[in-house]
Amino acid sequence: MALRSLTLDFGIEATTAQWLTTGYLLTLGILVPISGLILQWFTTRQLFITSLVFSIIGTFIAAVAPVFSILMVARVVQAVGTALLLPLMFNTILVIIPPHKNEADRWGLLVL
């Protein structure tokens, strides 16, 4: 649905528009494992703020993108923010709930 609108708005083929999703997922696939290592070097607060900044900047650039190539770069910037946030979220939940606490509490929060 949205890809159809993008093809019309930017005057591109559907296969080109699909690179928005592919580029986003490729960036996630590369950076999520690396961001697990980054958790060891920086504080939770630093990474959380950095991930939000990447997500907000990427969203703003995507909203005002006049051409497809800028929109593509914006989606990759958004993916960087998401790639930092996903492992951070799981790590934070595991740190907040102590290991001796009920396992169901941990899994309940992780599934959310």
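Just so you know, we're using the UniProt record's numbering here: the sequence shown kicks off at 1 and counts up by one.
Even glycine gets a Cβ: it sits at the ideal position worked out from N, Cα and C.
- prompt: Under three-state DSSP, which class holds Val64?
  reply: helix
- prompt: Can you give the beta carbon distance from Val80 to Leu31, rounded, assuming they're within the 8 Å contact cut?
  reply: 6 Å
Pro66, buried or exposed, once every other Cβ within 10 Å from all chains shown has been counted against 16: exposed
field: Span of the alpha helix (DSSP H), counted from its first residue to its last, around Gly23
entry: Where Gly23 is concerned, the enclosing alpha helix (DSSP H) stretches over Trp19 to Trp41.
task: Use the C-beta contact count for Phe60: other C-beta atoms within 10 angstroms, 16 or more gives buried, fewer gives exposed.
output: With fewer than 16 other Cβ atoms within 10 Å, it is exposed.
- prompt: Rounded to a whole number of angstroms, what is the C-alpha to C-alpha distance between Leu6 and Ile12?
  reply: 8 Å
- prompt: Just how far apart, CA to CA, sit Leu25 and Phe48?
  reply: 20 Å
- prompt: Leaving out the 5 sequence neighbours to the left and right, which residues in its chain are closer than 8 Å to Pro33 when beta-carbon positions are compared?
  reply: none
query: Can you tell which of Pro98, Phe10, Ala2 and Leu86 has its C-alpha closest to the C-alpha of Thr50?
result: With distances taken between Cα atoms, Thr50 lies closest to Leu86.
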